[in-house]
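Participant: Numbering (my numbering), first residue to last: 132 to 255.
Dropping a structure here in structure tokens format, bear with me for questions.
Below, the structure is given as structure tokens:
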């Protein structure tokens, strides 16, 4: 159970760090961020490019390895540049739901049980 707890804590911390970074970036576009919190301008762009290239290299290697077993996927190199947006499309909703759920759990009144309410699907 310790591993599951550690993974949850790290994931939740990552979620709030991502939301904080996105908020500071958005506020920085309008000049609303204090100078103390402004990152070096080239720092974010360099690491973003490094992550993008690493992601593309990993996808290319995976497609290269799979081409022997699935020749139809050998043609999949064409949409490789669009594939890099998958993590953002996955992580953004994940971060939003984690932040909303964790905040609701912390702000609920003491002694209240957490309950999942789901619409009736006709099963009895």
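For every residue, glycine included, the Cβ atom is placed at its ideal position computed from N, Cα and C.
Bear in mind the structure is a predicted one, so any value in this text is a computation, not a measurement.
Find out if the Cβ-Cβ distance for the pair residue 158, residue 167 is shorter than 8 angstroms.
Facilitator: no
Participant: Got a sec? Which residues, its chain only, sit under 7 angstroms from residue 146 by beta carbon, not counting five neighbours each side?
Facilitator: 226, 229 and 230
Participant: Let's see if you can read the secondary structure: which residues bound the alpha helix (DSSP H) around residue 163?
Facilitator: No alpha helix (DSSP H) contains residue 163, which DSSP labels as neither H nor E.
Participant: To the nearest angstrom, report how far apart residue 141 and residue 239 are at their CA atoms.
Facilitator: 22 angstroms
Participant: Ends of the alpha helix (DSSP H) at residue 229?
Facilitator: 217–238
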